[in-house]
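Sequential numbering of the sequence shown, starting at -3, is according to this note's numbering.
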Amino acid sequence: MVSEVTKVHTRLWNYVASLLDVKSPCFYIFLGVFGIFGFFGKKLLFDPLDRVRGLGDIGYQADGKWDMKEIANSVRKRRLVGEIPPVYPNGWFGLTESFQIKKGESKNISVL
């Protein structure tokens, strides 16, 4: 039993040593695959998600592009079910993102 374990241990050690041999092409394949997984793993786990939506995505179109009839038709097409929401804001709206303002900087925003 002990000899079988030592054989498995020796075989495993030889396999790992062959992967760590810098003259072997397997080393560079392993290094590349490990680097790709490391890069995407870091982006997935540690980088913030950018979930910013444009104003045109939620139904508002900038002034001057369309007339009122085209805006009304566009909103009517996008609306799936239900009635038009009230004219007053029923929640919070993002006015700027934190990455757009540098440390120590202030931004004058006029809304209404």
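Note that the Cβ used here is the ideal one computed from N, Cα and C, for glycine as well. Since this is a predicted model, take the numbers as computed values, not measurements.
Of all the alpha helix (DSSP H) runs that stay within the bounds of the region 12 to 72, which reach a length of 4 or more residues?
-> 21 to 42
In the structure shown, what three-state DSSP assignment does K3 receive?
-> helix
Consult DSSP for N104 and reduce its assignment to one of helix, strand or coil.
-> coil
Can you tell me whether DSSP reads V83 as helix, strand or coil?
-> coil
Cβ pair E79, V48 closer than 9 Å = no
When you compare each of D46, P21, L8 to F95 by their alpha carbons, which one comes out closest?
-> D46
Within its chain, find whatever has a CB closer than 8 Å to the CB of L16; leave out the 5 residues flanking it on each side and keep chain order.
-> F23
Under the three-state reduction of DSSP, which class applies to F89: helix, strand or coil?
-> coil
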